[in-house]
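To keep things clear, I will list the structure first and then write my remarks on it.
Here is the structure:
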């Protein structure tokens with residue numbers, strides 16, 4: 007009787023170690039950020055050929071724009087988070103909107119976003135906007151609702167940047183590269 011029980015247990019143990027049970031299934035969807043992640047940094051690179059015209063030169067709202075997929079901008083983040091854009095030029099970071107004055111006109115870079123995407127716009131006051139030359143670099147900080155608690159309504163730009171740097175120093179950030187839409 008003992009031999010029968012041992013034989014049955016050995017057969018059961020061998021059957022439970024079959025190859026099929028060790029094959030991993032398909033990758034599931036990306037879950038929400040864990041409790042330690044307070045904000046995300048998204049890098050976006052816009053090449054000269056990526057910029058698209060909106061309306062016609064001379065129209066009051068003529069501008070160029072480029073859009074990127076940003077799945078990190080989900081409904082919860084859109085409703086409860088904070089999204090801040092920066093433009094990087096020659097190792098200097100400018101908060102968007104970034105206004106640049108030339109002789110007789112002004113060029114403004116700005117950012118807009120929605121569920122699953124982020125876009126950047128260039129517009130000039132002379133209504134003759136030209137697409138930017140070369141490569142343009144942008145960063146987008148997506149701050150979730152938990153981190154938002156530490157941001158005061160009247161917080162200065164330098165205080166906000168210090169706050170974000172402190173979050174980064176504590177390992178509460180990850181960097182993401184966007185793909186063009």
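Numbering (my numbering), first residue to last: 7 to 187. Note that the Cβ used here is the ideal one computed from N, Cα and C, for glycine as well. Remember, it's a predicted structure, so these values are computed and weren't measured experimentally.
Spatial distance of residue i from residue j (CA atoms)
i: residue 134; j: residue 68; result: 8 Å
i: residue 166; j: residue 83; result: 19 Å
i: residue 99; j: residue 146; result: 12 Å
i: residue 58; j: residue 29; result: 46 Å
i: residue 170; j: residue 50; result: 19 Å
i: residue 104; j: residue 33; result: 41 Å
i: residue 72; j: residue 114; result: 14 Å
i: residue 52; j: residue 168; result: 27 Å
i: residue 110; j: residue 85; result: 40 Å
i: residue 162; j: residue 60; result: 33 Å
Whole-Å CB distance - residue i paired with residue j, under 8 Å assumed
i: residue 79; j: residue 124; result: 7 Å
i: residue 70; j: residue 148; result: No, residue 70 and residue 148 are not in contact; Cβ-Cβ is about 24 Å, not under 8 Å.
i: residue 120; j: residue 54; result: In fact, because the Cβ distance is near 25 Å, the residues do not count as touching under 8 Å.
i: residue 131; j: residue 101; result: So it is not a contact: roughly 20 Å between Cβ atoms.
i: residue 48; j: residue 76; result: 6 Å
i: residue 92; j: residue 173; result: With a Cβ gap of about 15 Å, residue 92 and residue 173 do not count as contacting.
Delimiting residues of the beta strand (DSSP E) encompassing residue i
i: residue 93; result: 88-95
Those runs of the beta strand (DSSP E) which lie wholly inside the region 118-143 and span at least 3 residues: 123-130
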